[in-house]
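Here is the structure we will look at, set down as structure tokens.
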Amino acid sequence: MDFFTELSRLIIAMFFGWFFTRIPLVILPRISIRSLDLVDHPNPPEINESLILQILRIRRAYWASIPFGLIPLVLGIIMLNQSPSSVGFGLIVGSSWVILSRIVPFDLDPMFRFPYSMNLIHELNRIRVESFPCCSSSNPFWALDSVRCSSCHHILLDYPRPDLGRSRIDGWLWGSLRVMILDGHSLSESNMPTNAEEE
Ligand SMILES: [Zn+2]
Numbered sequence: 128m129d130f131f132t133e134l135s136r137l138i139i140a141m142f143f144g145w146f147f148t149r150i151p152l153v154i155l156p157r158i159s160i161r162s163l164d165l166v167d168h169p170n171p172p173e174i175n176e177s178l179i180l181q182i183l184r185i186r187r188a189y190w191a192s193i194p195f196g197l198i199p200l201v202l203g204i205i206m207l208n209q210s211p212s213s214v215g216f217g218l219i220v221g222s223s224w225v226i227l228s229r230i231v232p233f234d235l236d237p238m239f240r241f242p243y244s245m246n247l248i249h250e251l252n253r254i255r256v257e258s259f260p261c262c263s264s265s266n267p268f269w270a271l272d273s274v275r276c277s278s279c280h281h282i283l284l285d286y287p288r289p290d291l292g293r294s295r296i297d298g299w300l301w302g303s304l305r306v307m308i309l310d311g312h313s314l315s316e317s318n319m320p321t322n323a324e325e326e
């Protein structure tokens, strides 16, 4: 029985450390005082200045996980210093897992190395200011799987849309849980050459 009590303490503490460290990404972009002019959640947003400002905001929230995660980490270290404690160990494992996932790059491509990378922001800004290769007039928008031309749906940037910090249609609880589990990533994969339009 003692073993199971310790094990459940460990698991709860790990979950808490994990949860606490991922909270900024869910909370911070959604509680800003000056909300930006973006279309509501499931609709694809246009590539404009508000969107780029919003991504800069989320990028800050994403990296805020590291200072946030230091709280359960230090708490866990203090607890382990006092006495062997499964709670302290769980806090250390849960928070350092998220901190490590922030530090270790996902991909060699600089744009995919981290979610909300500066390269992605530069690319979006380039699409915003430059003229388009396909149509003379277009309002590029970010569909689930890529940035596309509004006139001919030509793919301008093959990058699945991550969470953009808008209030989600799937509700506060499920929406937040989903963002936490996916850590801001998109569920859709990068584009296949022949992708059916599902708007
Ligand atoms: Zn076009």
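Residue numbers (the numbering used here): 128 to 326.
Glycine included, every Cβ here is placed at the ideal spot set by N, Cα and C.
- Shown here, Arg275 sits in a strand according to DSSP, grouped into three states.
- Nearest neighbour of Pro199 by Cα position, chosen from Pro156, Phe142 and Asp167, turns out to be Phe142.
- Counting only unbroken stretches of 4 or more residues, the alpha helix (DSSP H) elements lying wholly within the region 238 to 284 are 245 to 256, in sequence order.
- Leu155 and Leu271 have their C-alpha atoms spaced approximately 23 Å apart.
- Taking the CA atoms as reference points, Ile282 sits about 35 Å from Thr148.
- For ligand 1, no non-hydrogen atom lies closer than 7 Å to the CB of Ser258.
- Ranked by Cα distance from Met238, the first of Ile248, Ile230, Ile182 and Val231 is Ile248.
- At least one heavy atom of ligand 1 sits closer than 7 Å to the Cβ of Ser278.
- Just measuring C-alpha positions, the residue of Val274, Val306, Asp297 and Leu202 sitting nearest Leu251 is Val274.
- Between the region 178 to 187 and the region 202 to 216 there are fewer than three C-beta pairs closer than 8 Å, too few to call the two in contact.
- Phe268 is positioned such that its CB atom lies no closer than 8 Å to that of Pro151.
- Bridge pairing for Glu176: absent [DSSP].
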